[in-house]
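A.B. asks: Whatever position you read off the sequence shown (first residue = 1), add 377 for our numbering. Backbone N, C-alpha and C define an ideal beta-carbon position, used for all residues, glycine too.
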Amino acid sequence: MDRATAASMFVLIQEAGERLKQQKATAKIRTQLQNKLARLFAKQGIAFTKQLKMYLQTQPNLTQNDIKSLLEITTIDDNAAQFIQRIVTQAVKIGAEELLKQFEFEASVFSLENPRAVTYLENYGADFVTAIDKTTRDRLRVLLARSTSSGWAYSRLATTIHKTFGEFSTKRSKRIAVHEIGSAYQKGNLIVAQELAAQGVQIEKSWLTRKDDKVDEHCTSNEAAGWIDVNDPFPSGAMRPLDHVGCRCVAMYRRKTK
Ligand SMILES: [Zn+2]
Numbered sequence: 378m379d380r381a382t383a384a385s386m387f388v389l390i391q392e393a394g395e396r397l398k399q400q401k402a403t404a405k406i407r408t409q410l411q412n413k414l415a416r417l418f419a420k421q422g423i424a425f426t427k428q429l430k431m432y433l434q435t436q437p438n439l440t441q442n443d444i445k446s447l448l449e450i451t452t453i454d455d456n457a458a459q460f461i462q463r464i465v466t467q468a469v470k471i472g473a474e475e476l477l478k479q480f481e482f483e484a485s486v487f488s489l490e491n492p493r494a495v496t497y498l499e500n501y502g503a504d505f506v507t508a509i510d511k512t513t514r515d516r517l518r519v520l521l522a523r524s525t526s527s528g529w530a531y532s533r534l535a536t537t538i539h540k541t542f543g544e545f546s547t548k549r550s551k552r553i554a555v556h557e558i559g560s561a562y563q564k565g566n567l568i569v570a571q572e573l574a575a576q577g578v579q580i581e582k583s584w585l586t587r588k589d590d591k592v593d594e595h596c597t598s599n600e601a602a603g604w605i606d607v608n609d610p611f612p613s614g615a616m617r618p619l620d621h622v623g624c625r626c627v628a629m630y631r632r633k634t635k
């Protein structure tokens with residue numbers, strides 16, 4: 378094997394290791410978040426269907442008020458929101474600790490009282506829950522409208538709604554968990570890298586895609602930028618992955634060599 382081949386193999390192994398590190402470190406909380414969301418959506422589905430049936434037993438068409446109170450059912454309550462917040466906080470912490478480990482600092486260097494972490498987590502919780510609720514409602518609103526305009530029988534509407542919540546509690550809950558945990562972990566990485574940079578450690582970062590044909594063009598250009606200063610944005614404007622829904626990228630960090 379020549380030196381160039383060996384070097385590019387080393388990079389590939391390093392990249393795979395980076396991804397694996399994140400997957401392993403967050404596997405437990407990712408499953409916890411996914412299960413929590415799956416249960417939440419399943420519960421919402423049962424309540425929603427029950428209420429819908431009640432309305433339609435007394436009159437054939439839903440009023441605007443009926444729709445409004447039906448959609449209320451899909452609100453994530455405060456307890457669940459707090460649970461989600463705790464899990465995401467842990468993901469930030471794990472991301473922070475993993476980076477400290479890589480740079481051979483004690484985990485105790487990082488605390489969740491770190492201002493960058495506080496700002497992120499304060500804004501995070503409410504926005505996240507609002508976004509989930511909004512997507513749920515948008516999907517259901519479309520279904521209800523289609524049902525009315527096409528004159529669906531109740532049974533057809535019920536089946537479609539059942540299917541929708543089924544998809545929520547399997548695929549969607551997984552998608553959300555993977556995205557949110559990945560994003561929080563990456564944020565934890567960045568917080569520590571920026572903190573170390575502020576303390577005089579010269580750090581640079583690079584963007585790592587999956588290098589397949591599903592990679593978004595933003596991410597491709599971020600990766601093409603190579604190693605950049607930790608405080609500079611990537612070409613897409615993002616400071617770190619994830620860049621978009623479905624993004625599977627991670628960032629790598631290293632000390633500047635000169
Ligand atoms: Zn990406």
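So, is residue 407 buried or exposed, given that buried needs 16 or more other C-beta atoms within 10 angstroms?
C.D. replies: Translated into positions along the sequence shown, residue 407 becomes position 30. With 16 or more Cβ atoms within 10 Å of its Cβ, residue 407 is classed as buried.
A.B. asks: Under 8 Å Cβ to Cβ from residue 605, same chain only, skipping five residues before and after it: list those, please.
C.D. replies: In the sequence shown, the residue the question calls residue 605 occupies position 228. So the list reads 581, 582, 583 and 611, once near-sequence residues are dropped.
A.B. asks: Looking at the unbroken alpha helix (DSSP H) that takes in residue 581, where does it start and where does it end?
C.D. replies: Mapped onto the sequence shown, residue 581 falls at position 204. It is not in any alpha helix (DSSP H) - residue 581 instead sits in the beta strand (DSSP E) that spans 580-585.
A.B. asks: Can we count residue 586 as close to ligand 1, meaning its CB is less than 7 Å from some heavy atom?
C.D. replies: On the sequence shown, residue 586 is found 209 positions in, with the first residue counted as 1. Under cutoff, so the answer is yes.
A.B. asks: Buried or exposed for residue 621, please, with buried defined as at least 16 other CB atoms from any protein chain shown within 10 angstroms of its CB.
C.D. replies: Here residue 621 corresponds to residue number 244 of the sequence shown, with the count starting at 1. By the 10 Å Cβ count, residue 621 comes out exposed.
A.B. asks: Please return the same chain residues whose Cβ sits closer than 8 Å to the Cβ of residue 533, not counting the five positions on each side in sequence.
C.D. replies: Sequence index remark: in the sequence shown, residue 533 carries index 156 (1-based). So the list reads 524, once near-sequence residues are dropped.
A.B. asks: May I ask you to list the residues that DSSP assigns as paired with residue 606?
C.D. replies: Start at 1 with the first residue of the sequence shown, and residue 606 comes out as number 229. In DSSP, residue 606 forms a bridge with 581.
A.B. asks: Just to confirm, are residue 474 and residue 487 a CB contact at a threshold of 8 Å?
C.D. replies: Mapped onto the sequence shown, residue 474 falls at position 97. Mapped onto the sequence shown, residue 487 falls at position 110. Yes, these two residues count as a Cβ contact at 8 Å.
A.B. asks: If you follow the alpha helix (DSSP H) that residue 431 is in, where does it begin and where does it stop?
C.D. replies: Within the sequence shown, residue 431 is the residue found at index 54, counting from 1. Counting along the chain, the alpha helix (DSSP H) containing residue 431 begins and ends at 380-435.
A.B. asks: Can you name, in chain order, every residue of its own chain whose Cβ lies under 7 Å from the Cβ of residue 593, other than the five neighbours on each side?
C.D. replies: Position 216 of the sequence shown, counting from 1, holds the residue named residue 593. Excluding residues within five positions, the ones whose Cβ falls inside 7 Å are 620, 621 and 624.
A.B. asks: Residue 495 lies in the alpha helix (DSSP H); which residues open and close that run?
C.D. replies: Taking the sequence shown and counting its residues from 1, one reaches residue 495 at position 118. Per DSSP, residue 495 belongs to the alpha helix (DSSP H) from 492-526.
A.B. asks: Whole angstroms is fine: what's the gap from residue 628's alpha carbon to residue 478's?
C.D. replies: On the sequence shown, residue 628 is found 251 positions in, with the first residue counted as 1. On the sequence shown, residue 478 is found 101 positions in, with the first residue counted as 1. The straight-line gap from Cα to Cα measures roughly 15 Å.
A.B. asks: Alpha carbon to alpha carbon, how far is residue 425 from residue 452?
C.D. replies: Along the sequence shown, one-based indexing puts residue 425 at 48. Along the sequence shown, one-based indexing puts residue 452 at 75. Spanning the two alpha carbons is a distance of roughly 11 Å.
A.B. asks: Tell me the DSSP secondary structure of residue 632 in three-state form.
C.D. replies: Numbered from its first residue, the sequence shown carries residue 632 at position 255. Note: residue 632 maps to strand in three-state DSSP.
A.B. asks: Please classify residue 434 as buried or exposed, where buried requires at least 16 other C-beta atoms within 10 Å of its C-beta.
C.D. replies: For the purposes of this step, residue 434 is identified with residue 57 of the sequence shown, where counting begins at 1. Exposed, since its Cβ has fewer than 16 Cβ neighbours within 10 Å.
A.B. asks: Do residue 447 and residue 570 have their C-beta atoms closer together than 8 Å?
C.D. replies: Start at 1 with the first residue of the sequence shown, and residue 447 comes out as number 70. Start at 1 with the first residue of the sequence shown, and residue 570 comes out as number 193. Cβ distance not < 8 Å, so residue 447 and residue 570 don't count as in contact.
A.B. asks: Just to confirm before moving on: does the CB-CB distance between residue 403 and residue 562 stay below 8 Å?
C.D. replies: Counting from 1 along the sequence shown, the entry for residue 403 is found at position 26. Counting from 1 along the sequence shown, the entry for residue 562 is found at position 185. It is a contact, given that the beta carbons lie within the stated cut-off.
A.B. asks: For residue 622, which three-state DSSP category applies?
C.D. replies: Here residue 622 refers to the residue found at position 245 of the sequence shown. Correct three-state label for residue 622: coil.
A.B. asks: Have a look at residue 414 and residue 463 and give me their C-alpha separation to the nearest angstrom.
C.D. replies: Locating residue 414 in the sequence shown gives position 37, counting from the first residue. Locating residue 463 in the sequence shown gives position 86, counting from the first residue. Spanning the two alpha carbons is a distance of roughly 14 Å.
A.B. asks: Less than 6 Å between C-beta atoms, sequence neighbours within five positions excluded: which residues of the same chain meet that for residue 587?
C.D. replies: Numbered from 1 along the sequence shown, position 210 holds the residue referred to as residue 587. Result list for residue 587: 625, in chain order.
A.B. asks: Just curious, the alpha helix (DSSP H) that residue 555 is in, first and last residue?
C.D. replies: Within the sequence shown, the letter at position 178 stands for residue 555. Looking at the DSSP string, the run of the alpha helix (DSSP H) that includes residue 555 is 550-575.
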